[in-house]
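K.L.:
The listed protein sequences derive, respectively, from chains R and X. First residue of the first sequence: 116, per my numbering; consecutive thereafter. First residue of the second sequence: 116, per my numbering; consecutive thereafter. Before anything else, here's the structure in question.
2 protein chains.
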Amino acid sequence: MIDCSASDAVADRYAGWLAAGIHVITPNKHALAGPWARREAITAAQRAGGTRLRHEATVGAGLPVIQTLRDLLDTGDELIAVEGILSGTLAWLFNRYDGSQPFSALVREARALGYTEPDPREDLSGMDVARKLVILAREAGIALSLEDVRVEGLVPPALQGMDREAFLAALDQLDAPMAQRLQQARAANKVLRYVARLGHDGGASVSLLPLPADHAFAHLRLTDNIVQFTTRRYRDNPLIVQGPGAGPEVTAAGVFSDLLRLAASLGARL
Amino acid sequence: MIDCSASDAVADRYAGWLAAGIHVITPNKHALAGPWARREAITAAQRAGGTRLRHEATVGAGLPVIQTLRDLLDTGDELIAVEGILSGTLAWLFNRYDGSQPFSALVREARALGYTEPDPREDLSGMDVARKLVILAREAGIALSLEDVRVEGLVPPALQGMDREAFLAALDQLDAPMAQRLQQARAANKVLRYVARLGHDGGASVSLLPLPADHAFAHLRLTDNIVQFTTRRYRDNPLIVQGPGAGPEVTAAGVFSDLLRLAASLGARL
């Protein structure tokens, strides 16, 4: 079964399918980052059914993120930390945001380019990034749930409840606080980036951080994602995967490579 | 069979083993970058024997380089170019070389730290990098051989024939020409990096290049390798894998992940 929906209702069927001998492949983040009890049921069903759940495209689309983490752990490495920029939308916004135009103008431009969801709050809330961090943590065997992630959303409380059109009309309320953040960062010779972090202790956060200008995350191209694995083997210099992490074509490629790997594990000759 | 030698003689046995039903895993660059006729015999033997030859650790040790290229191609992507810094030794030398000390002093320091081969000419010749480029090209179905790669070695002809001790004593003959290269690069606001390049036309080169200071290759950490795949899907922004690309532990991890993947393809439950 290949679930290309973003539906929680479909994800509720996974355990049943897996227990019945049906393998599942999906780019559905809600399925993997949903309630921990469902995740446990899925794991038990995989064992019972001798089946696999593959979900490379849930993080970074076609980038080899989940598989790289799997390979590190399967070969006996130990995860110390994962850090990354996991939203192409937020990457683009903060790569572009240099004070020459207000933050709200960039949000409007990103929306016009189709880089944000129709309601940009879905990107600015940080929840999509938090979901990806939960997926990485669980892949590493950490029982993390969305409630456990410290999420710094970029939408002020006053703008959260209103309907979409009202929010878009009120967008310039983002500008003054963001300009202040930028000024503070610049005064310390830093740049702003929206970063996801998972420590080996399971501590997880998603927040806007000032980073030194020579940090690996400061030199991304436009909407690139980046994921940095620090492990026992890659302790001094982390292992880094970087590139475009969204879009229909690369997402389809992630799903397809899962399918080929599943087929290979069932004896297919590729 | 896991061949952890660097021997050509062992590689000559691969085709026989593969035809006889024995899978082969190796980090042996000589085996994969050797004569094209041997490579063709290996491919035919794999078909005849229904066997696999895996060699992730031949490029970048444990970094997911070969597998990433395989996944791109297997899912229908087309390679436009591969570029990279494929030698941790040369990465370290040019990350450090800023004119504050002569190039020969850095070569001596790298040798003392165990970063170079006992005879640093093996690193400085560029042949090790050229071998890795041949391996990547062949993985992408291009019939490239070592003779086809334009290799800019860093050892002047006068220093090539002598024995090791004489070479080490004459090391400072590298300094003046290298200082001139650095000066030229700096005058153009560039940095020097030793880069491997493969074009979609099969054109392949390994050379010392002046690169803009904001190039992805200009910000590597110490001995990091980096590989950048430009493909039809990753055309505007390439897919990048980066990290330490040498050392016993990460090389063993590359071999081990090949073994696990082979086992999975034979039906093992991981």
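Every residue, glycine too, gets a C-beta built ideally from N, C-alpha and C. Note that the structure is a prediction, hence the values are computed from the model and not measured.
If we define contact as Cβ-Cβ less than 8 Å, is TYR230 (chain R) a contact residue for chain X?
P.N.:
no
K.L.:
To the nearest angstrom, how far is it from the Cα of ASP373 (chain R) to the Cα of ALA303 (chain R)?
P.N.:
44 Å
K.L.:
Could you tell me which whole alpha helix (DSSP H) segments of length 4 or greater appear in the stretch 187 to 240 of chain R?
P.N.:
203 to 211, 218 to 227 and 236 to 239
K.L.:
Examine chain R for any beta-carbon lying closer than 8 Å to the beta-carbon of PHE282 (chain X), and answer yes or no.
P.N.:
no
K.L.:
If you pair each beta-carbon of the stretch 351 to 370 of chain X with each one of the stretch 335 to 349 of chain R, do three or more pairs fall below 8 Å?
P.N.:
Flag = yes, the stretch 351 to 370 of chain X and the stretch 335 to 349 of chain R touch.
K.L.:
Using a threshold of 8 Å, state whether the C-beta atoms of ARG169 (chain R) and LEU377 (chain R) are closer than that.
P.N.:
Between ARG169 (chain R) and LEU377 (chain R), the C-beta spacing is below 8 Å.
K.L.:
Let me check understanding here. Comparing Cα to Cα, which of R:ALA379, R:GLY369 and R:ALA383 lies closest to CYS119 (chain R)?
P.N.:
Comparing Cα positions, the closest option is R:GLY369.
K.L.:
Would you mind giving the Cβ-Cβ distance between ILE195 (chain X) and HIS315 (chain X), rounded to the nearest angstrom? I have them listed as a contact below 8 Å.
P.N.:
5 Å
K.L.:
In whole angstroms, what separates the C-alpha of ASP290 (chain X) from that of ARG296 (chain X)?
P.N.:
10 Å
K.L.:
What residues of chain R sit near GLY177 (chain X), judged by a beta carbon separation below 9 Å?
P.N.:
By Cβ distance, chain R contributes ASP186, LEU187, THR190, ASP192, ARG348, TYR349 and LEU354.
K.L.:
Note down, in chain order, every chain X residue with its Cβ under 7 Å from the Cβ of ARG211 (chain R).
P.N.:
Residues of chain X passing the Cβ test: none, with the nearest at roughly 15 Å.
K.L.:
If you reduce the DSSP assignment to three classes, tell me which class GLY318 (chain X) lands in.
P.N.:
coil
K.L.:
For the stretch 351 to 382 of chain X, which residues have a beta carbon sitting closer than 7 Å to at least one beta carbon of chain R?
P.N.:
Going along the stretch 351 to 382 of chain X in chain order, one finds ASN352, PRO353, LEU354, ILE355, VAL356, GLN357, GLY358, PRO359, GLU364, VAL365, ALA368, PHE371, SER372, LEU375, ALA379, SER380 and GLY382 with a Cβ nearer than 7 Å to chain R.
K.L.:
For the stretch 325 to 339 of chain R, which residues have a beta carbon sitting closer than 8 Å to at least one beta carbon of chain X?
P.N.:
ASP329, ALA331, HIS334, ARG336, LEU337, THR338 and ASP339
K.L.:
Within 10 Å of its beta-carbon, does ASP278 (chain R) have 16 or more other beta-carbons around it, so buried, or fewer, so exposed?
P.N.:
exposed
K.L.:
So, helix, strand or coil for ASP127 (chain R), using DSSP?
P.N.:
The three-state secondary structure of ASP127 (chain R), taken from DSSP, is coil.
K.L.:
Relative to the C-alpha of PRO142 (chain R), which residue among R:ALA379, R:LEU381, R:ALA367 and R:ALA383 is closest?
P.N.:
R:ALA367
K.L.:
Opposite ILE341 (chain X) in the DSSP bridges: which residues?
P.N.:
X:ILE200 and X:GLN357
K.L.:
Once you ignore the five residues that flank GLY164 (chain R) on each side, which residues in its own chain have a CB closer than 7 Å to its CB?
P.N.:
LEU133, ALA134, ALA135 and GLY136
K.L.:
Express the C-alpha separation of HIS145 (chain R) and SER122 (chain R) in angstroms, rounding to a whole number.
P.N.:
7 Å
K.L.:
Under 8 Å, Cβ to Cβ, is there at least one residue of chain X near ARG384 (chain R)?
P.N.:
Yes, because at least one Cβ of chain X sits closer than 8 Å to the Cβ of ARG384 (chain R).
K.L.:
Taking C-alpha atoms, which residue in R:GLY175, R:ALA361, R:LEU251 and R:PRO325 lies nearest to LEU188 (chain R)?
P.N.:
R:LEU251
K.L.:
List the whole-angstrom C-beta distance separating GLY358 (chain X) from LEU178 (chain X), where the pair is believed to meet the contact cut-off of C-beta under 8 Å.
P.N.:
5 Å
K.L.:
What does GLY165 (chain X) reach in chain R if we use C-beta pairs closer than 9 Å?
P.N.:
ARG384
K.L.:
Does any C-beta atom of chain X lie closer than 8 Å to the C-beta of THR173 (chain R)?
P.N.:
no
K.L.:
Can you find the residues in the same chain that come closer than 7 Å, C-beta to C-beta, to ALA245 (chain X), ignoring five residues on each side of it along the sequence?
P.N.:
LEU261, VAL264, VAL266 and VAL321
K.L.:
DSSP three-state call for VAL264 (chain R): helix, strand or coil?
P.N.:
Judged by DSSP in its simplified three-state form, VAL264 (chain R) adopts coil rather than helix or strand.
K.L.:
Assign GLY276 (chain X) to buried or exposed, taking buried as 16 or more other Cβ atoms, counted over all protein chains shown, within 10 Å of its Cβ.
P.N.:
exposed
K.L.:
Considering only the beta carbon of each residue, do THR173 (chain R) and LEU147 (chain R) sit closer than 8 Å?
P.N.:
In this structure, LEU147 (chain R) lies closer than 8 Å to THR173 (chain R) by Cβ.
K.L.:
Are any of the Cβ atoms in chain R nearer than 8 Å to that of THR345 (chain X)?
P.N.:
no
K.L.:
Please determine, among R:VAL197, R:LEU208, R:GLN299 and R:ARG162, the residue with the shortest C-alpha to C-alpha distance to ARG253 (chain R).
P.N.:
Ranking R:VAL197, R:LEU208, R:GLN299 and R:ARG162 by Cα distance to ARG253 (chain R) puts R:VAL197 first.
K.L.:
Quick one: what's got a C-beta closer than 7 Å to PHE209 (chain X)'s C-beta in the same chain, skipping five residues either side?
P.N.:
LEU307, ARG308 and TYR309
K.L.:
Measure the C-alpha to C-alpha separation of LYS305 (chain R) and ARG211 (chain R) and round it to an integer number of angstroms.
P.N.:
14 Å
K.L.:
Within 8 Å of any Cβ in chain X, is that where the Cβ of THR158 (chain R) sits?
P.N.:
no
K.L.:
Which residue comes first and which comes last in the alpha helix (DSSP H) that contains SER372 (chain X)?
P.N.:
363 to 380
K.L.:
Could you spell out the range, first to last residue, of the alpha helix (DSSP H) harbouring PHE282 (chain R)?
P.N.:
Residues 279 to 284.
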